[in-house]
Amino acid sequence: MSKKATGKIGVLLVNLGTPDSPNTPDVRKYLREFLLDKRVIDIPAVARYALINGIIAPFRAPKSAKVYKELWTERGSPLLFHGLDLQKKLQAMLGDRYHVAFGMRYQSPSIKSALDELQEQSVDRIIVLPLFPQYASASTGSVQDKVMELVKDWWVIPSINFISSFCDDPGFINSFAELGRQHMAQDNYDHVIFSYHGLPERQVLKGSDKGYCQLGACCNTYNKRNKYCYRAACFATSRLLAEKLGLREDQYTVTFQSRLLKDPWLQPYTDEVLKTLPAKGIKKVLAFSPAFVADCLETTIEVGEEFREMFMEAGGEKWQLVESLNSEPMWVEAVKEMVLQY
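In terms of the working numbering, the sequence shown opens at residue 4 and continues consecutively.
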């Protein structure tokens, strides 16, 4: 017998995932689940399985474990506890009419456990918010795919809305801009870098409006034809942030980080760009990571530490990471407004 409708609205927040611990076996387990996703590494299944299980996971896990140990805190993984903090604060802000659940695409807490929680609450409908501002098949698309795979076996499937992108959402932009302004008030920076997680160029082209995407000037505007183009969304976020921060076009650069394997990825690459800046007289850089709404390995370690070391070795004087939104009050308010719109 089906449960009575409660009138409640379920909200499912989803982020990428994190190992259960920074130990090598847990990191290896996480890498395998993550990289075996056909939307993440989009090559034939047999080749993907051999590559991940035979090469990447065995050799990369010990190295990644060392980095995760640097990232880990008393509360555990930042990506996890910031997500739980956001869930708790959003629940308090939305009130009893809503039930907010949090899950990870890979590892724990799983999307399944979060959906089970919402099913137990007998919600009338579900709003799914993958916490990736710019749509990509490998992130947002994968979350949507997993949610649909899980709910297809429910006897009663409620209405489900997906918030597929919020790259230009005013609350998101204002929240990041405010964090940037706090740093700019403390020092005079020569340049701003907006560093986004990279994607293979082929993945961007696969999802493009045929004949429109050229991986170039087509991203100078954000419109109906490139609404789901990751590169166009990254440039749209950057333009809006630059406008809020009062930056001219020559005062900021959009770059891409975290590439994997040898195929061409979105360019320019952050690590290559930053090495050229000191020779141009750019000695102080403020770095944003607007593809991430919670601090994680890619922000704290890669942008905050590794890129700073590269920049200083190249002759720079200061490299400052702008922290992610985490569960800042302005960001919680922005998420609430996005939910209410749906």
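Even for Gly, the Cβ is constructed at its ideal location relative to N, Cα and C.
{"Asked": "From Q137, R184, P173 and L118, residue whose alpha carbon lies closest to that of P161", "Found": "L118"}
{"Asked": "Residue span of the beta strand (DSSP E) that contains W75, given as start and end", "Found": "Run containing W75: none; DSSP gives neither H nor E here."}
{"Asked": "Distance between K69 and R63 (C-alpha atoms, nearest Å)", "Found": "10 Å"}
{"Asked": "Chain-order list of residues whose beta-carbon lies under 8 Å from that of M333 (same chain, five-residue window excluded)", "Found": "G174, N177, S178 and E181"}
{"Asked": "Under 8 Å between C-beta atoms of H200 and E301", "Found": "yes"}
{"Asked": "A290, enclosing beta strand (DSSP E) - first and last residue", "Found": "K287 to F291"}
{"Asked": "For S168 and W291, believed in contact at Cβ under 8 Å, the rounded distance", "Found": "For clarity, residue 291 is Phe in the given sequence; the question names Trp instead. Not really, about 18 Å apart at Cβ, beyond 8 Å."}
{"Asked": "Opening and closing residue of the beta strand (DSSP E) in which Q323 lies", "Found": "K321 to L324"}
{"Asked": "Separation of N223 from C237, as counted between CA atoms", "Found": "10 Å"}
{"Asked": "6 Å Cβ shell around L146 - same chain, five flanking residues per side excluded", "Found": "First, the residue type needs correcting, since residue 146 is Val and not Leu in the sequence shown. V17, R108 and P133, listed in sequence order."}
{"Asked": "Span separating the alpha-carbon of M4 from that of L153", "Found": "In this prediction, M4 scores a pLDDT of 34, lower than 50, which makes its location untrustworthy; the coordinate-derived value is nonetheless stated afterwards. Looking at the two C-alpha atoms, the distance is approximately 20 Å."}
{"Asked": "Contact set for K92: own chain, Cβ-Cβ below 6 Å, skip 5 residues either direction", "Found": "S330 and V335"}
{"Asked": "Residue closest to Q206, alpha-carbon to alpha-carbon, out of G219, Y233 and V103", "Found": "Y233"}
{"Asked": "Where G201 falls: helix, strand or coil (DSSP)", "Found": "coil"}
{"Asked": "Cβ distance (whole Å) where P81 is taken to contact T27 below 8 Å", "Found": "The Cβ separation is near 20 Å, so there is no contact."}
{"Asked": "Start-to-end residues for the alpha helix (DSSP H) that takes in T279", "Found": "T273 to T279"}
{"Asked": "Selection from E275, Q344, P112 and K339 that minimises the alpha carbon distance to F310", "Found": "E275"}
{"Asked": "Those residues which DSSP pairs with M107 across a bridge", "Found": "N18 and S113"}
{"Asked": "Alpha-carbon spacing of I55 relative to A139, whole angstroms", "Found": "21 Å"}
{"Asked": "Limits of the unbroken alpha helix (DSSP H) element including R242", "Found": "Y233 to L248"}
{"Asked": "E308 versus L74: straight-line alpha-carbon distance, rounded", "Found": "11 Å"}
{"Asked": "Straight-line gap, S111 to V150 (C-alpha atoms, nearest Å)", "Found": "15 Å"}
{"Asked": "Inter-residue CB distance, V103 and Q90 (contact presumed, cutoff 8 Å)", "Found": "5 Å"}
{"Asked": "Beta-carbon proximity check, Q254 vs V195, cutoff 8 Å", "Found": "yes"}
{"Asked": "Delimiting residues of the beta strand (DSSP E) encompassing P161", "Found": "P161 -> no beta strand (DSSP E), and no H or E assigned at all."}
{"Asked": "Beta-carbon gap between I163 and V131 smaller than 8 Å", "Found": "yes"}
{"Asked": "Per DSSP, cross-strand counterpart(s) of W334", "Found": "W334 pairs with nothing; no bridge assigned."}
{"Asked": "Within 8 Å, strictly: CB atoms of G219 and V325", "Found": "no"}
{"Asked": "Exposure of F15, with buried meaning 16 or more beta-carbon neighbours within 10 Å", "Found": "Correcting the residue identity first, residue 15 is Leu in this sequence and not Phe. So L15 counts as buried."}
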